[in-house]
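What follows is a short report on a single structure.
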Amino acid sequence: MTARGAATGSVYALTLVAVLTIALSTLTRFDFWWYLKAGEIIVDTRSVPTTDPFSYTAQGRPWINHMWATQVLLALVWRTWGRTAIVLGKGALVAATFAVVLATVRRRGIHPLLGSALCLIGAWTGAGFWEVRPQVLTYLLVAVYLWILREGWATRRSTWWAIPALMIPWVNLHAGFIIGFGLIALVGVGTALPRLVESAPRREGWTILGHSVVLGGLAVLASLVNPYGPRAILFPLEVVGTSAFMSSTLEWLSPNFHNPLFWGFEAMLLLIFPAVAWGRASLSMTDVLLLFTFAHLGLLSIRHVPIFAIVAIPPLAVALQGGLEECRRRAVGAPPLVARARAALPSLWPLASSPVTWLVGAAGLLLLGVALYWGAFLGAPGNPLRLDLNEHRYPREAITFIDENRLPAPLFNVYAWAGYELWRLYPRYRVFIDGRTHVYGPEILDDFLAVVNVSERWQTVLDHWKIQTILANRPSLLVEALSITQGWRPVFDGEGAVIFVRESPQNRELLGRLAAATTPADSSLAPDLWRHGLARQFGATAR
1 MTARGAATGS VYALTLVAVL TIALSTLTRF DFWWYLKAGE IIVDTRSVPT TDPFSYTAQG
61 RPWINHMWAT QVLLALVWRT WGRTAIVLGK GALVAATFAV VLATVRRRGI HPLLGSALCL
121 IGAWTGAGFW EVRPQVLTYL LVAVYLWILR EGWATRRSTW WAIPALMIPW VNLHAGFIIG
181 FGLIALVGVG TALPRLVESA PRREGWTILG HSVVLGGLAV LASLVNPYGP RAILFPLEVV
241 GTSAFMSSTL EWLSPNFHNP LFWGFEAMLL LIFPAVAWGR ASLSMTDVLL LFTFAHLGLL
301 SIRHVPIFAI VAIPPLAVAL QGGLEECRRR AVGAPPLVAR ARAALPSLWP LASSPVTWLV
361 GAAGLLLLGV ALYWGAFLGA PGNPLRLDLN EHRYPREAIT FIDENRLPAP LFNVYAWAGY
421 ELWRLYPRYR VFIDGRTHVY GPEILDDFLA VVNVSERWQT VLDHWKIQTI LANRPSLLVE
481 ALSITQGWRP VFDGEGAVIF VRESPQNREL LGRLAAATTP ADSSLAPDLW RHGLARQFGA
541 TAR
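Our numbering applies: residue 1 is where the sequence shown begins, and numbers increase by one.
The structure is reproduced here in C-alpha cells:
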C-alpha cells in the first residue's frame, strides 16, 4: 500500500468513527418497544400476524406488518446480546451506510477530504434520525442501490441480479423499499434522457430506458416475496394517500428550520446553489434528478431528510470538485491579483502526498466530527454515547403498578407510551392506540383525540369503549378534567403519570383495597380534596 493509500484509508476510518459517534447519540423512539414485542411474537409463534393483535379498538383488523423481518432481528439480538448490542448495531449500520457513500464518491474520483467532509455534514443532517428503527436499514439499502446503479449500470451483469436480490429482504425489512423503484426510475431516465435529446445515439437512449423498465419489473416481481403478496407493495401508496394519517404524524410534516435538528439539512440545501452554479458542467442528468427530487421530498416530509443526506452527497461532491478545478483553470492567464485570489483555495488541490498535509486534514475532519456531535447534542443529559435505550423516559413505576394490582381493562393509554406498555403488559393488557396509526383509521384516531383534547364527547368515547383504567401524562387537559369529574378515582401519581380507575360496582373492592394501602403521605391521591382544589383553580364544577 502506498503512503497516499494509507493516508486515504486513515481519513476514511476517522470519518466513519465520527459518523459512528453521531449515530450512537440519538434517543430511541417510543415505537421501538412494540417492534420488540412483535418480533418476540413472530419468533415464538414462527408466524407473521396478518391482523392486529395489540389493541382492543382495532383487534382483528388487517395489519400489513411491513417491517416484520426487522422486528425478528431486534428480538434475536435482544435475547442473545442485550440492549447495548442493539444500540451499537444501529450505529454500525449508519457507519456502514456512509462507508458505501464514501466508496461511491471515491469511485467518482472525489478527493478523500472533500468526500469525508460532506459525509460528516450528511451525518449531522440525519443526526436526529439515526434511531433504532427499520428506516436505518432503508438508509443502508438506498446507499447500496446507488452504488450498484452507478455509471455503466445497464451493461454490468451484476446489476441484473443484485437489484432484484436486494429487493427481497428490503420489502420485508421496511416499507421504504418503494424508494428502490424510484431510484431505478430516476437513474434510468437520467441515463437515457441525454441520449434521447441528441441526434446520433437516440437508439442507445431508448435501449437504456427499456433496460430500466425491465430492471424495475424484476424488482417488482422480487418484492412479491413477502407474507402479504401484492398488498405489501400497495401499502406505502395507501399510507401516503391517507390524509388523516399524513396530517397527524409528525414525521410526515415539513421540517421546521427554527429547530436546530434541521440546520444540517438547511446547510446541505444551501450548498446546492453554489455547487450547481459553480460545477454544473460536472453534473450528469442523473445527478440533477436525484439531487432535486430528494431535496423536494425532504422539504415535503421530515422522514425524507436523512435519505436526502445520503443521496445528495455524491452529486454535491462532484459539483464542488468540478467547481474547484474550473476555478483553478480560470486562474491561468488572469491578472496577477485575480489569479492569486482564484488560486488560493484550489492551490490545495489535489493535495500532494505530504504527510503533514494529510495529518492536518485528518485532524480537521475529526475535530469537525466532534464539533458536529456536540452541536447536535449539547446539553443532553446522561451518557453522551447513549449506549442504552433510555427506559427512564417511560412511566416504569406506573406500568408496574398496573401490572401488580391487576387494574381493570380496557386501559386507555398515552400515544407515546403505547409501545412500552405493550412491551411490559401484553397480552394481559391491550392498548387503545399506538404508533401504527394506519391500522386504526380516522374513526379510532378521532375518538382518541376527543378524549385527549377533552372535547364535548370525551366521556361518551370512554363509555363507548367501556374504559375502566386511564393512564394519562401530567400535565395534560385529560388529567385536569378527570380530577374534577365524578366517576373516576386517581390511584397513582408519579413519574409524570397519573392513573385513574372508573368508580363502579365491579371496581369497588379494588378501589377500597387501594385506598387502604394509601399512606397519609399520599395526600395527592385524596380524590375529594383534589377535585375541590382543581375545580376552584380552573373555575370548573365537580360533577
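Even glycine gets a Cβ: it sits at the ideal position worked out from N, Cα and C.
Whole-angstrom distance between residue j and residue i, CA atom to CA atom
i, j, result
"Ala-96", "Ile-310", "12 Å"
"Trp-124", "Gly-323", "24 Å"
"Ala-38", "Ile-22", "28 Å"
"Ser-455", "Asp-446", "10 Å"
"Thr-437", "Leu-514", "34 Å"
"Ala-481", "Pro-490", "12 Å"
"Gly-298", "Leu-290", "12 Å"
"Leu-283", "Gly-190", "11 Å"
"Leu-14", "Gly-264", "20 Å"
"Asn-226", "Val-187", "26 Å"
"Asn-65", "Phe-129", "21 Å"
"Ala-540", "Ser-483", "Low local confidence applies: a pLDDT of 42 at Ala-540 is under 50, so the model's placement there is unreliable, with the coordinate-based value given in what follows. Their backbone Cα atoms lie some 11 Å apart in a straight line."
"Glu-40", "Thr-70", "11 Å"
"Met-268", "Trp-252", "20 Å"
"Leu-320", "Ala-281", "11 Å"
"Trp-63", "Asp-52", "5 Å"
"Leu-118", "Ile-313", "6 Å"
"Ala-99", "Tyr-12", "8 Å"
"Ile-272", "His-296", "12 Å"
"Val-197", "Trp-206", "11 Å"
"Val-17", "Leu-102", "13 Å"
"Ile-110", "Ile-121", "16 Å"
"Phe-308", "Thr-249", "20 Å"
"Pro-442", "Leu-137", "29 Å"
"Gly-89", "Trp-417", "24 Å"
"Ser-116", "Val-239", "36 Å"
Cβ-Cβ distance between residue i and residue j below 8 Å
i, j, result
"Val-19", "Val-94", "yes"
"Ile-467", "Pro-410", "yes"
"Ala-317", "Leu-114", "yes"
"Gly-558", "Pro-306", "This structure leaves residue 558 out entirely; the chain is present only between 1 and 543."
"Ile-233", "Ser-223", "yes"
"Leu-218", "Pro-164", "yes"
"Ile-444", "Leu-425", "no"
"Leu-422", "Val-501", "no"
"Ser-55", "Asp-434", "yes"
"Pro-255", "Ile-302", "yes"
"Leu-74", "Leu-24", "no"
"Arg-202", "Arg-150", "no"
"Glu-495", "Arg-396", "yes"
"Ala-497", "Asn-473", "yes"
"Gly-216", "Ile-184", "yes"
Chain D within 8 Å of residue i, Cβ atoms only
i, result
"Thr-286", "The chain labelled as chain D is not found in the depicted structure, where only one protein chain is given."
Residue environment, residue i, which counts as buried when at least 16 other CB atoms sit within 10 Å
i, result
"Gln-135", "buried"
"Leu-534", "Low confidence applies here, because Leu-534 scores a pLDDT of 40, under 50, leaving its location unreliable; read the following figure in that light. Per the 10 Å Cβ criterion, buried."
"Gln-59", "exposed"
"Ser-458", "Checking the displayed sequence, the identity of residue 458 turns out to be Trp instead of Ser. Trp-458 comes out buried."
"Thr-557", "This structure gives no information on residue 557, because the portion of the chain shown stretches from 1 to 543."
"Ala-143", "buried"
"Ala-277", "exposed"
"Asn-413", "buried"
"Thr-131", "Per the sequence shown, the amino acid found at residue 131 is Glu instead of Thr. Glu-131 should be labelled buried."
"Gly-419", "buried"
"Ala-7", "buried"
"Pro-427", "exposed"
Three-way DSSP call (helix, strand, coil) for residue i in this model
i, result
"Thr-51", "strand"
"Trp-63", "coil"
"Val-11", "helix"
"Phe-257", "coil"
"Asn-383", "With a pLDDT of 48 at Asn-383, under the threshold of 50, the modelled position of that residue is not reliable, and the figure given next carries that caveat. Asn-383 falls in the coil class under three-state DSSP."
"Asp-549", "As displayed, the chain neither begins before 1 nor continues past 543, which places residue 549 out of reach and without an answer."
"Leu-224", "coil"
"Phe-409", "It is worth fixing the name first, because residue 409 is Ala in this sequence and not Phe. If DSSP states are grouped into helix, strand and coil, Ala-409 belongs with coil."
"Leu-471", "strand"
"Trp-130", "coil"
"Ala-497", "strand"
"Val-491", "strand"
"Thr-286", "helix"
"Arg-157", "helix"
"Arg-502", "strand"
"Val-105", "helix"
"Arg-79", "helix"
"Leu-269", "helix"
"Gly-229", "coil"
beta-carbon residue i near the ligand COA non-hydrogen atom, thresh 7 Å
i, result
"Glu-131", "The ligand COA is not part of the structure shown, which contains no ligands of any sort."
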